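J.: Using our numbering, the letters of the sequence shown correspond one by one to residues 254 to 880.
Before we start, here is the structure in question, set down as structure tokens.
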Amino acid sequence: MLIFASVVLSCSCIACQGHVEGGSVTALLDSADAYIANGDVKSAFASLKTAQSQASNTYERMGVYKRYLKLGDLSLAEKTVKKALRKDHDSKELAAIYGSLLLSQNRIKEALKVSRGLSGSQYGSVYAEAFMRNAINTGKSANELFGSRRTKADREWAKDETRRSEVFYDTRFAPVYHDAYVGSGRYRWNWNAAALSMHAGKYDDAAAMYPLKTESLEDALFWGTILYDAGRYPQSLEALLTRSSDTAPGDVLIKYKSLLADDYYILAQDAESERERSEILGMNLSEYAASNPSVAQILSQTYVNSALYYKSNDDHLSEYQRLNALVTRYPDYKPGLAAYGQFALDRSRVPKDDTMTAHIRAAGLQTRQMEIEAQIPPVSVDDALALVKHAIEKNSSPDLLVLEEELILQSNGYTEASQRVSRLWPLLERNQISDNRYPPEIVRYAVVSLIQNGYLDEACELFDTYEKEVYQQDYGKKSRKKKFSSAEHADEMELWECEVAAWFAIQNGDVESALVFYKTIIEKFAPRSPVMNVSGQNDSVVNSYVNAGNIYSGTNQGAVALDYLNKASSRATTAELKAEILYRIGKQNFYLNDLHSASKALQYALRLDPSHNKARFVLQQVNREQK
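Given below as structure tokens:
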């Protein structure tokens with residue numbers, strides 16, 4: 254297993270050749286070289302003996318050492334390097350050379366002792382080899398290998414061959430494997446080190462092992478994943494783009510492009526992200542998806558994310574094409590069914606032609622938008638409902654039950670508030686887990702439906718009862734008399750809980766609690782996530798920025814309000830929403846007497862939405878003040 258020693262020895266030989274040796278010693282070494290070349294071994298040894306006695310520094314002793322090695326006299330070579338090490342006991346180069354010599358003679362324990370100080374240095378591979386060979390030879394447990402001398406031997410471990418082989422999966426081997434990589438240059442040693450660090454939750458340690466270059470597309474994927482999991486998205490993207498080759502098995506290429514799409518999305522490069530997704534979906538992947546569940550999962554998620562990208566860009570034809578392909582290929586994929594069902598609902602709610610559009614259509618003409626709409630095949634709510642019912646029969650889940658309920662309401666034409674609300678209570682009863690405890694997806698749907706249909710007291714009671722049941726145990730039975738406050742649990746709450754709790758807080762005039770919830774939403778959910786099928790997440794974040802800004806504005810903290818509103822503006826995805834936010838920014842600047850900024854924001858708002866009369870009114874006030 255001498256996989257590192259030759260590397261260290263070759264480096265040491267180069268170092269020895271690169272110095273200027275003392276005159277007399279140099280002459281003796283040259284003589285020894287000549288004798289060796291002529292086969293006069295006896296004279297060569299005589300010259301080396303004299304040179305060894307006259308050598309006064311490490312480089313001269315190493316000149317003697319390497320010639321003893323050439324002559325095959327390991328005993329004299331060892332004496333020479335040991336003497337040099339006594340003179341310069343801090344030299345890592347000498348320790349590496351001596352350790353390599355001991356390893357070549359299978360003197361593992363001595364090599365381990367000599368090389369222990371090399372870990373983490375450029376010669377750490379010598380220590381790594383000594384440590385791993387010692388682990389193999391002794392069969393010790395990880396606790397014995399990494400513990401002190403007083404660590405008690407595990408006799409049962411030594412008898413179990415399976416456990417003995419598993420010792421190398423211990424996370425404490427991570428630096429040992431990294432040392433092996435540094436000396437050998439074999440990138441899979443570094444993979445082992447990083448993987449063990451990740452397993453131990455040491456993400457920064459794993460990321461620090463990134464070698465700044467990659468050997469292959471597979472290597473680029475590995476380091477891109479490590480850096481992605483460590484939250485270093487720009488570095489992850491860089492690692493993926495520094496690949497040396499595009500050649501790789503199909504499943505590796507799919508995973509590579511999927512991660513590339515995720516990195517682009519998180520870094521707000523949406524077009525580039527969709528380009529990678531489109532390339533994935535344009536590949537012939539049936540053989541990989543059939544044999545590899547992880548590839549099938551990536552493909553189904555890619556369809557959903559691509560559809561949502563087109564939805565955000567109002568390209569409903571492309572959205573339909575992605576979703577139709579998705580439910581055809583993966584009819585049991587729940588997020589896909591949810592997206593398809595939502596698309597059916599959205600299409601069923603498209604408003605009928607206004608008078609002008611009807612006249613254009615009657616005249617046999619079409620606008621560009623009408624042409625695009627005409628290309629979208631009708632998607633029946635009943636067809637979507639049938640798909641969802643089939644999926645529920647195979648594997649029911651709360652999110653599918655909610656989608657089924659929404660589709661039933663639309664299919665049956667239930668428009669009255671009383672009709673919609675009357676179906677909520679049986680839905681809750683059928684899915685009750687315990688007293689006052691229901692699946693969160695069901696509670697969310699019920700609470701929001703009650704609010705939308707004007708049953709505010711019922712919504713508040715249901716939500717409060719649910720929240721108390723989920724979080725009240727933190728208080729303990731003895732303290733149940735203490736008034737419950739959702740704001741104390743904001744960090745534990747899901748996005749929808751924070752939104753609903755903030756809404757109720759505003760209704761009750763509890764501005765302080767509302768601000769807690771809005772800030773929690775911003776802190777927890779503002780960073781982008783590649784799981785795009787949580788489609789309302791960005792809208793929730795934008796709304797939280799706006800609402801927090803309004804609260805600060807109402808408490809005379811105009812500068813803070815502007816900061817929140819500007820952040821909301823940067824994330825707005827529609828012209829109408831951005832115009833509304835810019836209107837609020839302009840109004841706030843007007844209050845702060847920054848007329849130039851106010852005018853600029855309001856003019857931009859009107860360019861985006863010329864019908865925004867409030868922005869026009871405030872702009873007129875600004876213009877009067879500027880005169």
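We put the CB at the ideal spot given by N, CA and C, even for glycine.
Since we're looking at a predicted model, the values are computed, not measured.
Can you tell me which residues form a DSSP beta bridge with SER687?
T.: SER687 is bridged to ARG690.
J.: Could you please give the first and the last residue of the uninterrupted alpha helix (DSSP H) stretch that includes HIS569?
T.: Here the alpha helix (DSSP H) through HIS569 covers 569 to 582.
J.: Assign ASP341 to one of two classes, buried (16 or more other C-beta atoms within 10 Å of its C-beta) or exposed (fewer than that).
T.: ASP341 is exposed by the Cβ-count criterion.
J.: In its own chain, which residues sit with a C-beta less than 7 Å from the C-beta of GLU527, not counting the 5 before and 5 after it?
T.: Same-chain partners within the cutoff: SER559 and TYR562.
J.: In three-state DSSP terms, what is TYR708?
T.: TYR708: coil per DSSP, three-state reduction.
J.: Would the beta-carbon of SER357 fall within 7 Å of that of SER437?
T.: In this structure, SER437 does not lie closer than 7 Å to SER357 by Cβ.
J.: Cα separation between MET385 and ARG575?
T.: Each residue's Cα considered, the two are about 52 Å apart.
J.: Can you tell me whether ALA644 is helix, strand or coil according to DSSP?
T.: Looking at ALA644 - three-state DSSP - the assignment turns out to be helix.
J.: Measure how close the beta-carbons of LEU449 and PHE426 come, nearest whole angstrom, since I'm counting them as under 8 Å.
T.: Between PHE426 and LEU449 the Cβ distance is about 6 Å, and since that is below 8 Å, they are a contact.
J.: Let me know the alpha helix (DSSP H) ranges lying completely inside the segment 726 to 777, each 4 residues or longer, listed in chain order.
T.: Whole alpha helix (DSSP H) segments, 4+ residues: 748 to 760.
J.: Buried or exposed for SER687, going by 16 or more other Cβ atoms inside 10 Å?
T.: So SER687 ends up on the exposed side.
J.: Once the 5 residues before and after GLN488 are set aside, which same chain residues still bring their CB inside 8 Å of it?
T.: ALA460, TYR463 and LEU480.
J.: So, helix, strand or coil for HIS431, using DSSP?
T.: HIS431 falls in the helix class under three-state DSSP.
J.: Going by beta carbon distance, what residues of the same chain come within less than 7 Å of SER693, once the five residues before and after it are set aside?
T.: Per the sequence shown, the amino acid found at residue 693 is Pro instead of Ser. Same-chain partners within the cutoff: GLU747.
J.: Return the first residue and the last residue of the alpha helix (DSSP H) that ILE838 is part of.
T.: 828 to 844 is the span of the alpha helix (DSSP H), which, as asked, contains ILE838.
J.: What whole-angstrom Cβ distance do LYS327 and ALA304 have, given they're in contact under 8 Å?
T.: Position check: residue 327 holds Leu in this sequence, whereas Lys was assumed. Actually they are not in contact, since the Cβ atoms of LEU327 and ALA304 sit about 18 Å apart, beyond 8 Å.
J.: Count the other CB atoms, across all protein chains shown, that sit within 10 Å of the CB of GLY292; report buried if there are 16 or more and exposed otherwise.
T.: GLY292 is exposed by the Cβ-count criterion.
J.: Alpha carbon to alpha carbon, how far is ALA670 from ARG496?
T.: For ALA670 and ARG496, the distance between alpha carbons rounds to 58 Å.
J.: Does DSSP put LYS880 in a helix, a strand or coil?
T.: Three-state result, LYS880: coil.
J.: Give every residue of the same chain whose Cβ lies closer than 6 Å to the Cβ of ILE695, excluding the five residues on either side of it in the sequence, and list them in chain order.
T.: Taken in chain order, the residues that qualify are PRO651 and ASN684.
J.: Could you check which residue in ASP763, GLY762 and VAL794 has the C-alpha nearest to that of GLU776?
T.: The shortest Cα separation from GLU776 among ASP763, GLY762 and VAL794 belongs to VAL794.
J.: Quick check: is the beta carbon of ALA825 nearer than 7 Å to any beta carbon in chain D?
T.: Checking the listed chains, one finds no chain D in this structure; it contains a single protein chain.
J.: Compute the Euclidean distance between the alpha carbons of VAL548 and ASN866, then round it to the nearest angstrom.
T.: When rounded, the distance between both Cα atoms is 51 Å.
J.: Is the Cβ-Cβ distance between TYR380 and ASP423 less than 7 Å?
T.: Not in contact: TYR380 and ASP423 (Cβ atoms no closer than 7 Å).
J.: Here's the rule: buried if 16 or more other CB atoms are within 10 angstroms of the residue's CB, otherwise exposed. What is HIS849?
T.: It counts as exposed.
J.: State the Cα-Cα distance for the pair GLU529 and TYR509, rounded to the nearest angstrom.
T.: The alpha-carbon atoms of GLU529 and TYR509 are separated by roughly 10 Å.
J.: What are the boundary residues of the alpha helix (DSSP H) that THR478 is part of?
T.: Where THR478 is concerned, the enclosing alpha helix (DSSP H) stretches over 470 to 482.
J.: List the endpoints of the continuous alpha helix (DSSP H) containing TYR351.
T.: Start and end: 345 to 357.
J.: Alpha carbon to alpha carbon, how far is GLY594 from SER633?
T.: Roughly 9 Å separates the two Cα atoms.
J.: Give the straight-line distance between the Cα atoms of VAL317 and SER277, rounded to the nearest whole angstrom.
T.: For VAL317 and SER277, the distance between alpha carbons rounds to 13 Å.
J.: Would you identify the three-state DSSP class for ASN809, choosing helix, strand or coil?
T.: The answer is coil: DSSP assigns ASN809 none of H, G, I, E or B.
J.: From the DSSP output, in three-state form, read off ASP504 for me.
T.: DSSP places ASP504 in helix when its eight states are reduced to three.
J.: If you run the structure through DSSP and keep just helix, strand and coil, what is SER394?
T.: DSSP places SER394 in coil when its eight states are reduced to three.
J.: Could you have a look at MET785 and say whether DSSP puts it in helix, strand or coil?
T.: Residue placement at MET785 is poorly supported in this model, since its pLDDT is 44, which falls under 50; the coordinates are not used for a value here.
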